[in-house]
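2 protein chains.
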Amino acid sequence: MSLPDRLRGVLSPVLTPFNPDLTPSADGLVRHCRALVEQGVGLAVFGTNSEAASMTVAEKRALLDALLAAELPPDRMMPGTGACAIGDAIELTRHAVRAGCAGVLVLPPFYYKGVSDEGLFRAYAQLIEGVADDRLRVYLYHIPPVSGVPITLGLIERLLKAYPGQVAGAKDSSGDWDNTAAMVREFAAGGFDVFPGSEVFLLPGLRAGAVGCITATANVNAGEIMQLYRQWQTPQADALHDRVRRIRGIFQALPMISAMKEAVAWQSGDTAWRAVRPPLVELKESQAAELRRQLTEADYRMPMAETLAYAKG
Amino acid sequence: MSLPDRLRGVLSPVLTPFNPDLTPSADGLVRHCRALVEQGVGLAVFGTNSEAASMTVAEKRALLDALLAAELPPDRMMPGTGACAIGDAIELTRHAVRAGCAGVLVLPPFYYKGVSDEGLFRAYAQLIEGVADDRLRVYLYHIPPVSGVPITLGLIERLLKAYPGQVAGAKDSSGDWDNTAAMVREFAAGGFDVFPGSEVFLLPGLRAGAVGCITATANVNAGEIMQLYRQWQTPQADALHDRVRRIRGIFQALPMISAMKEAVAWQSGDTAWRAVRPPLVELKESQAAELRRQLTEADYRMPMAETLAYAKG
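Top line first, the protein sequences correspond to chains W and S. Each number in the working numbering corresponds to the 1-based position in the first sequence with 17 added. Each number in the working numbering corresponds to the 1-based position in the second sequence with 17 added.
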């Protein structure tokens, strides 16, 4: 089995649609993934914005199997597989690697806070050695505002030295450009692929040597973000950058996951898309109305929205 | 099946011993639980200090089964069953309830931060309705320094109103006495049992109307903490309080879980007790030496330590 090409470009932590009883909708996820792939967006399924932490390992395995059965391309997939219990992380990572996924995005164990780099090194080492598969490509997931457990530059250096073949890159969702720039400066030349966690850093990232971005709002603004990615070296780049920033700002002012689901519900005409799992809650109607108003004012339109309805008649 | 009496007194989030390959040692856990029960300490297995977050649901189910097979008393058990994915929480909670455990200690879903009381209410409601068993007794676990997700007084009020039979109490590990006092003041009269998360608050807690405490250091100082609990209304209480505070202070100045395991290893003569799962690390030898020095200076001795060795010859 040959290895897929390294992932690059724009990936989306794919929103997970739920049925009215809050079970995941495999059909809805397949539809959404198809639309994203068709627009050129890679599939970082089971990310923070996928409500992955709210799903069991068994649910995530079943969803991944459904995507593969629907012939979505594993070489464009970077499922999130990190967990507090390394046993859970190993199980889902192994499943992803055997399915041919090009990479996995791995949160550190995130319950205990203030842990040492030595402890986090051991956690990643135990995962890599537990999976024990040369095809494994690990992307380290740095998202301290949510996880509370940062991935330091020193940790990356140690992991790269110990597992140069497996440690492939990182997603930096710190929102701290200086940190993203430091990751690129220190490690990109050695083949460590850095993805900023927002399209706001896509243009500066590409200019600095990042390979793309993994961004939640690609769920709802794939077309414009891909246009920026494809034209980043043209004179239009800065205007495209301003445009995607504007749309992101509208979503970011609200609870993002619920706001994105609201937008898909509105654009697809399928209100089932509003469902989120606890501890998240859907937008209040006043928030939803304000979201629609601002998006309308910004001439927003979601491409392929009509293909996303999974529950309505 | 009649209901066990309400839990009260001193409970310990029981340390989980691991084998050299980091699998849990059921034999070691049984030995430790036996020693705790013999001293009068209840079993809050699978707590923060049990490294419960670092174990899979299957591992925790198997350990609970081993404790029951060893005839440890379920009416003295309050296993931790909270999880980010409600499906995992339901599975382990149902297992505990069917085993006859007197209660379960339930963390809120702890990945997403800044979530609303409405979202947390739904998470607990989904757990309670998913388990659907009248014997279920839920203790809410408030530990914001670790979980990052507080259990507010407003949330407790809503849950008590919706599920008066199932919502039995709380463990308050905020370290904020004012919050513990407020929980007692607002809800204890209605049968809501408050356990401060440290023996430092045992005496003031009992004086205010709390029913005991759930404290990590009961793993290593059960005798003295139980003595304080039994004699809290005697003239010796304040001196006993000062004594347990002193011992706790020694452990608390170090990474607590690793320090407690080091103390058990030292006192039992079984170095296997040192093992922790990533992302935790065992104490450095210099820290361990300082711990032993301070405990020796404090005339510390762990009761029943000789029964705890599980791995040595």
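Ideal Cβ positions, reconstructed from N, Cα and C, are used throughout, including at glycine. Computed from a prediction, not measured in an experiment: that's the story for all the values here.
Local conformation of residue i per DSSP, three classes
| i | result |
| --- | --- |
| S:Ser275 | helix |
| W:Gly330 | Any reading at W:Gly330 needs caution, since the residue's pLDDT is 47, under 50, leaving its predicted position unreliable; the model's value is listed next. W:Gly330 falls in the coil class under three-state DSSP. |
| S:Ile103 | helix |
| S:Val31 | coil |
| S:Ile231 | strand |
| W:Lys130 | coil |
| W:Ala315 | coil |
| S:Lys188 | strand |
| S:Tyr141 | helix |
| S:Gly64 | coil |
| W:Met200 | helix |
| S:Gly208 | coil |
| W:Gly26 | strand |
| W:Val155 | strand |
| W:Gly182 | coil |
| W:Met95 | coil |
| S:Leu297 | coil |
| W:Pro221 | helix |
| W:Pro37 | coil |
| W:Pro125 | coil |
| S:Gly240 | helix |
| W:Gly214 | coil |
Nearest neighbour of residue i, chosen from the options [CA to CA]
| i | options | result |
| --- | --- | --- |
| W:Gly57 | W:Leu81, W:Met94, W:Phe63 | W:Met94 |
| S:Glu88 | S:Gly120, S:Gly240, S:Cys50, S:Val121 | S:Cys50 |
| S:Ser191 | S:Ile274, S:Arg263, S:Pro161 | S:Pro161 |
| S:Ala69 | S:Val47, S:Val123, S:Gly147 | S:Val123 |
| S:Gly120 | S:Gly59, S:Ala233, S:Asn66 | S:Gly59 |
| S:Leu312 | S:Leu297, S:Val261, S:Ala289, S:Tyr327 | S:Val261 |
| W:Ala206 | W:Gly226, W:Ala254, W:Arg139 | W:Gly226 |
| W:Ala254 | W:Ala276, W:Ala235, W:Thr234, W:Arg224 | W:Arg224 |
| S:Ala52 | S:Arg247, S:Ala199, S:Tyr246, S:Asn238 | S:Asn238 |
| S:Asp38 | S:Pro91, S:Glu302, S:Ala289 | S:Ala289 |
| W:Val62 | W:Ser133, W:Thr98, W:Val217 | W:Thr98 |
| S:His159 | S:Asp150, S:Gly208, S:Gly64 | S:Gly64 |
| S:Val166 | S:Asn196, S:Lys130, S:Val155 | S:Lys130 |
Partners in chain S for residue i, counting only beta-carbon separations shorter than 9 Å
| i | result |
| --- | --- |
| W:Lys278 | In chain order: nothing, as chain S lies at least about 14 Å away. |
| W:Ser29 | By Cβ distance, chain S contributes nothing, its closest Cβ being about 19 Å from W:Ser29, past 9 Å. |
Length of the line joining the Cα atoms of residue i and residue j
| i | j | result |
| --- | --- | --- |
| W:Arg318 | W:Gly286 | 13 Å |
| W:Tyr141 | S:Glu76 | 20 Å |
| S:Arg48 | S:Leu81 | 13 Å |
| W:His258 | S:Arg152 | 57 Å |
| W:Thr232 | W:Val184 | 21 Å |
| S:Val148 | S:Ala100 | 14 Å |
| S:Tyr246 | S:Ala256 | 12 Å |
| W:Asp189 | W:Asn36 | 31 Å |
| W:Leu177 | W:Gly171 | 10 Å |
| S:Ser376 | S:Ile173 | Here chain S has residues from 18 to 330 only, and residue 376 of chain S is not among them. |
| S:Ala198 | S:Gly136 | 25 Å |
| S:Gly229 | S:Glu323 | 27 Å |
| S:Glu146 | S:Pro181 | 13 Å |
| W:Leu144 | W:Trp194 | 29 Å |
| W:Tyr327 | W:Ala79 | 18 Å |
| W:Gly186 | W:Phe212 | 8 Å |
| W:Val298 | S:Ala102 | 15 Å |
| S:Gly330 | S:Met243 | In this predicted model, S:Gly330 has a pLDDT of only 47, less than 50, meaning its place in the structure is not dependable enough to derive any value. |
| S:Pro34 | S:Met277 | 11 Å |
| S:Val54 | S:Asp210 | 21 Å |
| S:Gly214 | S:Arg25 | 13 Å |
| W:Asp316 | W:Asp92 | 34 Å |
| S:Pro169 | S:Val163 | What sits at residue 169 of chain S in the sequence shown is Thr, not Pro. Looking at the two C-alpha atoms, the distance is approximately 15 Å. |
| W:Leu331 | W:Pro221 | Outside the shown range of chain W, which is 18 to 330, sits residue 331 of chain W, and nothing can be said about it. |
| W:Ser133 | S:Val74 | 25 Å |
Per-residue contacts from residue i into chain W (C-beta, under 8 Å)
| i | result |
| --- | --- |
| S:Leu137 | Pro295, Pro296 |
| S:Asp193 | The contacting residues do not exist; S:Asp193 stays about 17 Å from chain W at best. |
| S:Ser133 | Pro296, Val298 |
| S:Pro126 | Ala70, Ser71, Pro295, Pro296 |
Chain W contact residues for residue i, given Cβ-Cβ distances below 7 Å
| i | result |
| --- | --- |
| S:Met72 | Ala102 |
Proximal residues of chain W, C-beta to C-beta of residue i below 9 Å
| i | result |
| --- | --- |
| S:Tyr129 | Thr65, Glu68, Ala70, Ser71, Val163, Ile274, Pro296, Leu297 |
| S:Glu76 | Ala102, Gly104 |
Residues that residue i contacts on chain S, provided the C-beta gap is smaller than 8 Å
| i | result |
| --- | --- |
| W:Asp105 | Thr73 |
Contacts that residue i makes with chain S (C-beta to C-beta distance below 7 Å)
| i | result |
| --- | --- |
| W:Gln143 | Pro295 |
| W:Ala140 | Pro295, Pro296 |
### Query
Is it a yes or a no for the stretch 287–299 of chain W touching the stretch 259–279 of chain W, going by three-plus beta-carbon pairs under 8 Å?
yes
### Task
For the stretch 255–277 of chain S, enumerate the residues whose C-beta is nearer than 8 Å to any C-beta of chain C, in chain order.
Although the question refers to chain C, the structure presented lacks it and instead comprises the protein chains W and S.
### Query
Any chance the stretch 274–283 of chain W sits against the stretch 106–114 of chain S, with 3 or more Cβ pairs inside 8 Å?
no
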